[in-house]
Amino acid sequence: MSDRRMPTVLLAVGHGCVDIFQGIVPVMVPFLVAERHYDYVAVSGFVLAATVLSSVVQPVFGLLTDRWVMRWLVPAAMVCTGLGVALVGAAGSYPLALAAIALSGIGVAAYHPEGARLARVVTGGDHVRMSWFSLGGNVGFAFAPVIATPVLVLGGLAAAPVLLAPALLGVLVTVPLLRRRAGGAAPAGGATRAGTAGSAATAGAAVGGRGGARRGADDWPAFGVLTGVIVLRSIAFVGLSTFLALFVQQRVAQDATAGGIALFVLYAGGAVGTWLGGRMAATWGRLPTMRVSYAASAVALAGVAFVPGPALLAFVGLASLALYAPFSLHITLGQDYLPSRIGTASGVTLGLAVSVGGAFAPALGAIAQASSIQVMLGCLIVLPVLCAALALRLREPSAPARL
1 MSDRRMPTVL LAVGHGCVDI FQGIVPVMVP FLVAERHYDY VAVSGFVLAA TVLSSVVQPV
61 FGLLTDRWVM RWLVPAAMVC TGLGVALVGA AGSYPLALAA IALSGIGVAA YHPEGARLAR
121 VVTGGDHVRM SWFSLGGNVG FAFAPVIATP VLVLGGLAAA PVLLAPALLG VLVTVPLLRR
181 RAGGAAPAGG ATRAGTAGSA ATAGAAVGGR GGARRGADDW PAFGVLTGVI VLRSIAFVGL
241 STFLALFVQQ RVAQDATAGG IALFVLYAGG AVGTWLGGRM AATWGRLPTM RVSYAASAVA
301 LAGVAFVPGP ALLAFVGLAS LALYAPFSLH ITLGQDYLPS RIGTASGVTL GLAVSVGGAF
361 APALGAIAQA SSIQVMLGCL IVLPVLCAAL ALRLREPSAP ARL
């Protein structure tokens, strides 16, 4: 494997070893209901603890990494993320369990700005290579039910410390890459395959805020609209992933394994969707890909909510593909809208995408508690419709000036 590809692979693996823990939290929901008898609102609090703190502190980490080199933060965040999930099994009370999950969320927040910055250096901003970095995180999501469900089925929540293993693997594969970067690895050069003006100009540029290798006007209004898209998409995905396993158990089979299969379809579809989004953007452009994807997401969510029996799994897969196709495009668009604030853009577009929706999890849990999970899922349909409408207001970023 070439010197340019190996760092991308290592970054993708490390990203997966972080994001697997975000996927594990929804896997734990049915076990928390069964073993500790929490209701829908209570278990949604775990999603809140895992995500809202992350969404609050994520931009802070982005600002910090815009000012200082913090390579050590990547492996440290991995350990923090895994440790939080591992401690859930030993937490004897609801507040302690919430604190453990919050610790995992802090680890996620700490990882993403510096991880995305490192990916930008390695890939040069290329859409396809950046989609591989994002793909690594979504593969981690996909493997969460595959790894966590058997562990929890066999050992219950008491076996949660076993789940620390992926975090240790992430550290193992990332440390050599950090040594390489510390030794002066340069960012990959060349224009992006999509050929868009903003992204082509950013390819080969050094990371914004360190050394001033590039400059350009920050487009905060456009970045604000993009952030709105990300927030709405996050709410839809968090609502779907949090209650999907329980919903499938109610509609398909009274078995934790059935819920795990549904989550695997959701997360695996996300991995494929991320890759597909990069390819589609390279052919048709980022914004057309986003608009079509969010329109398809609305149809898919309707199928999940209202199609009976095992057939709903097909719509779970479609929803996952459509919700994740724009995932890596959010990252490159955000970085191109804020060319002098790459860390801040990364903290919002990459981290916020999987965290801010958790702030709305208790409200979604309350809807499910007062009516049903099906009604709550039906309410999610409007969110990707709004995403598509907001995406119509966006334009491709202008090319930043090179020094």
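Start counting the sequence shown at 1; every next residue gets the next number (the working numbering). From the three backbone atoms N, C-alpha and C, an ideal C-beta is built for every residue, glycine too. Computed from a predicted structure; not experimentally measured.
Using the rule of at least 16 other Cβ atoms within 10 Å of the residue's Cβ for burial, across every protein chain shown, is residue i buried or exposed?
| i | result |
| --- | --- |
| residue 404 | Because the chain here runs from 1 to 403, residue 404 falls outside it and cannot be looked at. |
| residue 155 | exposed |
| residue 224 | exposed |
| residue 59 | buried |
| residue 229 | buried |
| residue 25 | buried |
| residue 370 | exposed |
| residue 254 | exposed |
| residue 190 | Here residue 190 scores only 33 on pLDDT, less than 50, and its place in the model should not be relied on; the value that follows carries that caveat. With fewer than 16 Cβ atoms within 10 Å of its Cβ, residue 190 is classed as exposed. |
| residue 117 | buried |
| residue 184 | Bear in mind that a pLDDT of 40 at residue 184, under 50, signals an unreliable position, so the number given afterwards is only what the model happens to contain. Per the 10 Å Cβ criterion, exposed. |
| residue 37 | exposed |
| residue 375 | exposed |
| residue 288 | exposed |
| residue 197 | Any reading at residue 197 is ruled out, since the residue's pLDDT is 28, under 50, leaving its predicted position unreliable. |
| residue 397 | buried |
| residue 236 | buried |
| residue 39 | exposed |
| residue 395 | exposed |
| residue 73 | buried |
Just confirm the distance between the C-beta atoms of residue i and residue j, as a whole number of angstroms; I'd bet it's less than 8 Å.
| i | j | result |
| --- | --- | --- |
| residue 362 | residue 48 | 6 Å |
| residue 8 | residue 143 | So it is not a contact: roughly 19 Å between Cβ atoms. |
| residue 157 | residue 85 | 11 Å between Cβ atoms; not a contact. |
| residue 234 | residue 357 | 3 Å |
| residue 135 | residue 12 | 6 Å |
| residue 278 | residue 131 | 3 Å |
| residue 247 | residue 381 | Between residue 381 and residue 247 the Cβ distance is about 15 Å, and since that is not below 8 Å, they are no contact. |
Is the beta carbon of residue j closer than 8 Å to that of residue i?
| i | j | result |
| --- | --- | --- |
| residue 16 | residue 92 | no |
| residue 274 | residue 327 | yes |
| residue 145 | residue 23 | yes |
| residue 262 | residue 245 | yes |
| residue 10 | residue 164 | no |
| residue 243 | residue 42 | no |
| residue 218 | residue 338 | yes |
| residue 294 | residue 166 | no |
| residue 325 | residue 276 | yes |
| residue 170 | residue 317 | no |
| residue 140 | residue 20 | yes |
| residue 149 | residue 27 | yes |
| residue 323 | residue 44 | no |
| residue 250 | residue 30 | no |
| residue 101 | residue 159 | no |
| residue 305 | residue 377 | yes |
| residue 319 | residue 232 | no |
| residue 46 | residue 113 | no |
| residue 334 | residue 168 | no |
| residue 359 | residue 52 | yes |
Can residue i be considered in contact with the ligand NAP, in the sense that its beta carbon sits closer than 7 Å to one or more heavy atoms?
| i | result |
| --- | --- |
| residue 28 | With respect to small molecules bound, the structure shown includes none, and the ligand NAP cannot be examined in it. |
Let me see if you follow: with CB-CB separation under 8 Å, is residue i close to chain B or not?
| i | result |
| --- | --- |
| residue 141 | The chain inventory of the structure shown lacks chain B, comprising one protein chain alone. |
Within the stretch 274-318, note down every full alpha helix (DSSP H) run reaching 4 residues or more, in order along the chain.
286-306
Does the stretch 248-258 come close enough to the stretch 336-351 to have 3 or more Cβ pairs within less than 8 Å?
no
Please give me, in chain order, every unbroken run of the alpha helix (DSSP H) with length at least 4 that falls completely inside the stretch 51-123.
Counting only runs of 4 or more residues that sit fully inside the stretch 51-123, the alpha helix (DSSP H) segments are 73-87, 94-123, in chain order.
Pairs of beta-carbons, one from the stretch 298-313 and one from the stretch 78-97, closer than 8 Å: are there three or more?
no
Would you say the stretch 283-303 touches the stretch 95-111, given that touching needs at least three Cβ pairs under 8 Å?
no
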